[in-house]
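First up is the structure itself, then whatever we jot down about it.
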Amino acid sequence: MHSMILSTATRYLLPLLLMFSIFLLLRGHNEPGGGFTGGLVAAAALVLYGLALGLRSARQLLGIDPRMLIYVGLLTAVVSGLLGLLSGQVFMTGLWSTQTLPVIGKLGTPLLFDVGVYLVVIGVTLTIIFALMENETDSKTGSLKEE
Amino acid sequence: MNIFVLLPILIPLITTIGVLLARQRPRLRRNLSLGGAGLLLIIAVELLVLVWRDGIQVIQVGEWAAPFGITLVADLFSAMMVLLAALMGLGVIIYSQATAEQRAEHFGYSALLHFILMGVNGAFLTGDMFNLYVWFELLLIASFVLLVLGGRRDQLEGTFKYVAINLFGSILFLVAVGILYGVAGTLNMADLADQLNSLPSGLVTTLAMLFLVAFGIKAGAFPLFFWLPASYHTAPAALLALFAGLMTKVGVYALVRVFTLFFTQDTGYTHTLILIIAGFTMVTGVLGAVAQTEFRKLLSFHIISQIGYLLMGLGLFTTAALGGAVYFMVHVILAKSALFLVGGIIYKLRGTYNLKQLGGLSILYPGLALLFLIPALSLAGIPPLSGFWAKFALVQAGLAAEQYVIVAVSLGVSLLTLFSMTKIWAEVFWKDQPGKETPVQAISFIPHQAGVSMLLPVGVLAAILVVIGLLAEPLVNLSLLVAGQLLNPADYIETVLGGVL
Numbered sequence: 000m001h002s003m004i005l006s007t008a009t010r011y012l013l014p015l016l017l018m019f020s021i022f023l024l025l026r027g028h029n030e031p032g033g034g035f036t037g038g039l040v041a042a043a044a045l046v047l048y049g050l051a052l053g054l055r056s057a058r059q060l061l062g063i064d065p066r067m068l069i070y071v072g073l074l075t076a077v078v079s080g081l082l083g084l085l086s087g088q089v090f091m092t093g094l095w096s097t098q099t100l101p102v103i104g105k106l107g108t109p110l111l112f113d114v115g116v117y118l119v120v121i122g123v124t125l126t127i128i129f130a131l132m133e134n135e136t137d138s139k140t141g142s143l144k145e146e
Numbered sequence: 000m001n002i003f004v005l006l007p008i009l010i011p012l013i014t015t016i017g018v019l020l021a022r023q024r025p026r027l028r029r030n031l032s033l034g035g036a037g038l039l040l041i042i043a044v045e046l047l048v049l050v051w052r053d054g055i056q057v058i059q060v061g062e063w064a065a066p067f068g069i070t071l072v073a074d075l076f077s078a079m080m081v082l083l084a085a086l087m088g089l090g091v092i093i094y095s096q097a098t099a100e101q102r103a104e105h106f107g108y109s110a111l112l113h114f115i116l117m118g119v120n121g122a123f124l125t126g127d128m129f130n131l132y133v134w135f136e137l138l139l140i141a142s143f144v145l146l147v148l149g150g151r152r153d154q155l156e157g158t159f160k161y162v163a164i165n166l167f168g169s170i171l172f173l174v175a176v177g178i179l180y181g182v183a184g185t186l187n188m189a190d191l192a193d194q195l196n197s198l199p200s201g202l203v204t205t206l207a208m209l210f211l212v213a214f215g216i217k218a219g220a221f222p223l224f225f226w227l228p229a230s231y232h233t234a235p236a237a238l239l240a241l242f243a244g245l246m247t248k249v250g251v252y253a254l255v256r257v258f259t260l261f262f263t264q265d266t267g268y269t270h271t272l273i274l275i276i277a278g279f280t281m282v283t284g285v286l287g288a289v290a291q292t293e294f295r296k297l298l299s300f301h302i303i304s305q306i307g308y309l310l311m312g313l314g315l316f317t318t319a320a321l322g323g324a325v326y327f328m329v330h331v332i333l334a335k336s337a338l339f340l341v342g343g344i345i346y347k348l349r350g351t352y353n354l355k356q357l358g359g360l361s362i363l364y365p366g367l368a369l370l371f372l373i374p375a376l377s378l379a380g381i382p383p384l385s386g387f388w389a390k391f392a393l394v395q396a397g398l399a400a401e402q403y404v405i406v407a408v409s410l411g412v413s414l415l416t417l418f419s420m421t422k423i424w425a426e427v428f429w430k431d432q433p434g435k436e437t438p439v440q441a442i443s444f445i446p447h448q449a450g451v452s453m454l455l456p457v458g459v460l461a462a463i464l465v466v467i468g469l470l471a472e473p474l475v476n477l478s479l480l481v482a483g484q485l486l487n488p489a490d491y492i493e494t495v496l497g498g499v500l
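In order, the protein sequence lines correspond to chains A and B. Per numbering that gives the first Met the number 0, the first sequence starts with residue 0, numbered consecutively. Per numbering that gives the first Met the number 0, the second sequence starts with residue 0, numbered consecutively.
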């Protein structure tokens, strides 16, 4: 099923959604938002792309196996906790930079942890949904062959 | 520096990630997995030594002070359980090198094993009820996936029962945690011990019952055990060794923790109830076992029966009884897992777990028969093996507490345990294999086709069982120390809260 309206709209929506997800991620440690919601929005954007233009193009757009995002995200989260440990404090202690950046605000290990969560959420969601979409296309082609 | 309290959780997590990242490279993956498990064992030994020497260790994660932050606590009981988990983890991971199928590995078998170890260690080390719930969930989810790997029909059926009843237990647990928070305003275990004293005891007892049911499901206690034999018998032996050794014991650990630390207002009611449950658990478990003719099913029922002994120690609620239960915990984890691992070797040799189709192994492989006999007799409680001392301590404590009924029950169940073990012995090892000629001499002492990676863990477990049986005193003393610490939680509370209140 190919819809001209959906695929055209998706081309404009995708960058907007991705930017919104980054926005949610960056404000998350101080205000409503965060890695989890940000990750869900980003994953939703990619799933929308997959629905409009096909699973293959969505995978191509992502470039890597979504499972890899899970592993890298987990690693990032662990590292964010370890940084506190390495600086001689307790595991998971929040470390903050002294300077503030425009838009983002203060940088710190909680943000890094959120980035880890962000990647894990994208990875998990896409792994599941892509697998489901794959099954759907498989069963469709399967039934076509039978006919 | 109490970094050792954190490492038993962190190392399996990092190993999990490493194993996942290396999934395309089997050699690297295997080395990482073995290395991670080995390192965990070393850390666990260090932790136990540290706690033994310097007392209870606490870490306030992220420097958020208790009772507000996440607290990790290692007292002697926790440290001992972490050590057992690490030992079983390493054993099962070595053993799995020979048995894990390529397909299962593709779906992350070793990564999930490490993930379970992380969950188990987290549950042992946490000082917070909500975190206990989270760790329970983590290890349960990993175990769901592991049970279903392979995707056979009977596996799906078994796993469904396991998932359904365990999720129900989790919901109950979460509800109880919520009510507890509403009532006491805190979930930090040490803080709870303080707060619950000022509440009406009827309310606290009601909460205690909710937790008793939730943990009872996880531990496989009467009458909530039925999911266990219905689901365990479909999994491969290596996994079963880990599940039998650790999963139900996490439930028992949680029961012991909450019923020694803060649900102690009305011990006349709660602990007597636990004692009654203990008796029924023992009896139903062993009766179920006697009726089985499948190796894994028989042993699954045995798990339940042994849980009864652990609960008996908790129910009697004296230092001697709890010490006995702690010693029993060490013994039963080692013995039970060793038996499942032997079952796996037999499966590798003969391709079946059905007792009726097996036979003749004592003549063909005397060494394997010996490896079975040590944990089997130990479980039945034959002196001088570890099971004897464990049961002896419990019976003695029961007599001292004048609870003659439970003592009689435990002795009777012991006899039936021996009966069911001789049943396996007679069917698998002694009788002739059906439809085959009686072999006249051994093929070899040990079955070489099982390979070092299968035989080594079983051998080591059997050796430990013999050692803690023959030289029982150090472990008995340690168990009594553990029990003493559990029954006098003032030190625990003081260390965690650090004089905040």
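We put the beta carbon where it would ideally sit given N, CA and C, even for glycine.
*Would you be able to state if there are at least three C-beta pairs under 8 Å between the region 249-261 of chain B and the region 307-323 of chain B?*
yes
*Is it buried or exposed for Ile-492/B, if we count other Cβ within 10 angstroms and need 16 for buried?*
buried
_Listed by chain order, chain B residues near Tyr-70/A by CB distance under 8 Å_ = Ile-16, Leu-19, Leu-20
*asked:* Residues in the same chain with beta-carbon distance under 6 Å from Ala-110/B, minus the five sequence neighbours each way, listed in chain order, please.
replied: Thr-15, Val-18, Leu-19
*Quick one: which chain D residues come within Cβ less than 7 Å of Gln-88/A?*
Chain labels in this structure do not include chain D; the protein chains are A and B.
*If we count the other Cβ atoms within 10 Å of its Cβ and call it buried at 16 or more, is Gln-402/B buried or exposed?*
buried
*asked:* Within 8 Å of any Cβ in chain A, is that where the Cβ of Val-499/B sits?
replied: In this predicted model, Val-499/B has a pLDDT of only 48, less than 50, meaning its place in the structure is not dependable; the value taken from the coordinates is given anyway. No, Val-499/B lies away from the interface with chain A (no Cβ there is under 8 Å from its Cβ).
_Closest Cα partner of Leu-393/B within the set Pro-365/B, Ala-320/B, Lys-347/B_ = Ala-320/B
*Please list the partners that Leu-160/A has in chain B, where partner means a Cβ-to-Cβ separation under 7 Å.*
As shown, chain A starts at 0 and ends at 146. That puts residue 160/A outside it, with no answer to give.
_Shorter than 7 Å, the distance from the beta carbon of Leu-272/B to the closest heavy atom of the ligand FAD, or not?_
Absence of the ligand FAD from the depicted structure is noted, as is the absence of any ligand whatsoever, leaving it without description.
*asked:* Among Thr-75/A, Tyr-48/A, Thr-99/A, whose alpha-carbon lies nearest the alpha-carbon of Tyr-11/A?
replied: Tyr-48/A
*At a Cβ threshold of 8 Å, is Gln-23/B touching chain A?*
no
*asked:* Can you check whether the C-beta of Leu-139/B is within less than 8 Å of a C-beta belonging to chain A?
replied: no
*Look up Thr-99/A in the DSSP assignment and give the residues it is bridged to.*
Lys-105/A
*Host beta strand (DSSP E) of Thr-70/B (start-end)*: 69-73
*Close beta carbons around Arg-102/B, own chain, < 8 Å, minus the five adjacent residues each side*: Leu-148, Gly-149
_Tell me whether the region 298-309 of chain B and the region 366-377 of chain B touch, counting them as touching only if at least three CB pairs, one residue from each stretch, are closer than 8 Å._
no
*Could you please give the first and the last residue of the uninterrupted alpha helix (DSSP H) stretch that includes Gln-305/B?*
294-315
*Could you tell me which residues DSSP pairs with Asn-187/B in its beta bridges?*
Asp-127/B
*asked:* With a threshold of 8 Å, are at least 3 pairs of Cβ atoms found where one atom belongs to the region 52-72 of chain B and the other to the region 124-135 of chain B?
replied: yes
*At a CB-CB cut-off below 7 Å, which residues of chain A make contact with Leu-12/B?*
Val-77
*To the nearest angstrom, report how far apart Val-91/B and Gly-37/B are at their CA atoms.*
12 Å
*Among all the DSSP beta bridges, which residues are the ones paired with Gln-96/B?*
Beta-bridge pairing links Gln-96/B to no other residue.
_Run through the DSSP bridge pairs and tell me what Val-60/B is partnered with._
Ile-69/B
*Closer than 8 Å by C-beta to Ile-178/B: which residues in its own chain qualify, once you throw out the five before and the five after it? Chain order, please.*
Leu-206, Leu-209
*Please name the residue, chosen from Leu-73/A, Lys-105/A, Val-114/A, that lies closest to Ala-41/A on a Cα-to-Cα basis.*
Val-114/A
*Keeping to the same chain, check which residues put their C-beta closer than 8 Å to that of Gln-194/B; ignore five residues upstream and five downstream.*
Ala-183, Gly-184, Thr-185
*Let me know the secondary structure DSSP gives Asn-353/B once reduced to three states.*
strand
*Would you check if the distance between the CB atom of Val-60/B and the CB atom of Val-89/A is smaller than 8 Å?*
yes
*Using beta-carbon positions only, say whether Ala-240/B and Lys-347/B come within less than 8 Å of one another.*
no
*Going by Cα to Cα distance, which pick from Trp-424/B, Ala-213/B, Lys-390/B, Tyr-180/B is closest to Val-249/B?*
Ala-213/B
_Any C-beta of chain B under 8 Å from that of Met-91/A_ = yes
*Should Ser-6/A and Ala-44/A be called a contact, given that it needs their Cβ atoms to be closer than 8 Å?*
no
*Taking the CB atoms as reference points, tell me whether Leu-367/B and Leu-360/B lie closer together than 8 Å.*
yes
*Would you mind stating whether Phe-35/A and Val-116/A have Cβ atoms separated by less than 8 Å?*
yes
*Give a yes or no on whether the C-beta atoms belonging to Ala-482/B and Val-325/B are separated by under 8 Å.*
yes
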